[in-house]
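For what it's worth, the UniProt record's numbering labels the leading residue of the sequence shown as 1, then goes sequentially.
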Amino acid sequence: MQIDVPGGHIHAVIEGEGPLVLLIHGFPEGAWAWRHQLPALAAGGYRAVAIDVRGYGDSLKPDAVEAYRMLAHVADNVAVLEALEADTAVVVGHDWGSPIAAASAQVRPDRFTAVALLGVPYQPRADTPPAFPPDFYVAHFQTDAAQREIEADIESWLRRFYAALTDGTPGWFGNPMHLPDAALPAWVDDFEAIVAAFERGGFAGPLNRYRNFVRDWEDLAAFDELRVPSIFITGERDSTRLWMPAEGHVIPDCGHWVQQERPQAVNALLEDFLRSLGQPV
1 MQIDVPGGHI
11 HAVIEGEGPL
21 VLLIHGFPEG
31 AWAWRHQLPA
41 LAAGGYRAVA
51 IDVRGYGDSL
61 KPDAVEAYRM
71 LAHVADNVAV
81 LEALEADTAV
91 VVGHDWGSPI
101 AAASAQVRPD
111 RFTAVALLGV
121 PYQPRADTPP
131 AFPPDFYVAH
141 FQTDAAQREI
151 EADIESWLRR
161 FYAALTDGTP
171 GWFGNPMHLP
181 DAALPAWVDD
191 FEAIVAAFER
201 GGFAGPLNRY
211 RNFVRDWEDL
221 AAFDELRVPS
231 IFITGERDST
241 RLWMPAEGHV
251 IPDCGHWVQQ
261 ERPQAVNALL
271 EDFLRSLGQP
281 V
């Protein structure tokens, strides 16, 4: 389904009927990252909706860097609810989808009444604008050089990136990044289609999320901290835990891509969380 938003449309995959659960993927993924959660949530009595975030897949891909600021993502999520005639939703995010989900609940708690965060925990707004050392991957991802590096061989880069974050490869998060040659992880499905989608759309949009940290810091200054019910789920081998430690549910023998590596465990936790909200399952 294509949902109109200012400047284009958001592509959404929908399964089931009932209270809406909005699923927001991270970097570098797509709505396909929720293929194990869509049928499980639908079977539990929900309308599960996974979107291609702007910049990805079949969704709009604006040229301007500022078109990927956090408030634009929040507006997209609200537009999805409006198009589906849903007053409220529980929003679930993984990786970059996690702060998008959290910001949606901060800015519009009337529409996003609970949030599940996977891989990346909620981080309160700091007193000063975010800054990253040049030897850290975030600083690298903000550069044109990173985009050229990735787009030079998307198949190889994706395969090595997915593998490194599955195994918690030491040093992958440095600059230069340590992404050794590795086999495609078992959790990846239809890799050729994933590669083809990124070859068509490029990496400018996905990387523009990293280029908006300061804008996001400025834009979200007026909004309260996260106050809706929430849950955090992470993998035991997720290297994000090294610099973003948080209390939450830790899935053993699992890397960063939790909902794809251990879908049954994640689905059970999501179902318990939804049940705690007084919703179906």
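We treat Cβ as the ideally placed atom computed from N, Cα and C, and that holds for glycine. Every value quoted in this text rests on a predicted model; they were computed, and no experiment measured them.
Length of the line joining the Cα atoms of residue i and residue j
{"i": "H249", "j": "L81", "result": "28 Å"}
{"i": "P229", "j": "L38", "result": "21 Å"}
{"i": "A163", "j": "R237", "result": "12 Å"}
{"i": "D181", "j": "T88", "result": "44 Å"}
{"i": "G44", "j": "D272", "result": "11 Å"}
{"i": "V78", "j": "R111", "result": "8 Å"}
{"i": "R241", "j": "G119", "result": "8 Å"}
{"i": "Y56", "j": "G30", "result": "6 Å"}
{"i": "A12", "j": "R69", "result": "20 Å"}
{"i": "E66", "j": "N208", "result": "8 Å"}
{"i": "W243", "j": "Q123", "result": "11 Å"}
Residues that residue i bridges to, as DSSP identifies them
{"i": "S230", "result": "V115"}
{"i": "H249", "result": "I233"}
{"i": "F191", "result": "F191 is not bridged to any residue."}
{"i": "R47", "result": "L20"}
{"i": "Q147", "result": "Answer is none; Q147 lacks a bridge partner."}
Beta carbon of residue i nearer than 9 Å to that of residue j
{"i": "L84", "j": "Y46", "result": "no"}
{"i": "A42", "j": "G8", "result": "no"}
{"i": "A50", "j": "L23", "result": "yes"}
{"i": "Q264", "j": "W187", "result": "no"}
{"i": "A221", "j": "D63", "result": "no"}
{"i": "D52", "j": "I10", "result": "yes"}
{"i": "F223", "j": "V107", "result": "yes"}
{"i": "G171", "j": "M177", "result": "yes"}
Nearest candidate by alpha-carbon position, reference residue i, set the options
{"i": "H94", "options": "F273, C254, I233", "result": "I233"}
{"i": "D190", "options": "T166, S230, F203, R159", "result": "R159"}
{"i": "V74", "options": "A103, A86, P62, L60", "result": "A103"}
{"i": "A197", "options": "A186, L226, S59", "result": "S59"}
{"i": "G235", "options": "P252, P229, F223", "result": "P252"}
{"i": "P245", "options": "N77, P121, V5, P109", "result": "P121"}
{"i": "T166", "options": "E155, P185, A152", "result": "P185"}
{"i": "I194", "options": "P130, T143, P170, E155", "result": "E155"}
{"i": "I100", "options": "A265, F27, V188", "result": "F27"}
{"i": "T128", "options": "V65, V214, A152", "result": "V214"}
{"i": "D4", "options": "Y137, A67, A31, D76", "result": "D76"}
Buried versus exposed call for residue i [16 or more other C-beta atoms within 10 Å across all chains shown]
{"i": "R200", "result": "exposed"}
{"i": "A268", "result": "exposed"}
Any C-beta of chain B under 9 Å from that of residue i
{"i": "D167", "result": "Included in the structure is just one protein chain, with no chain B present."}
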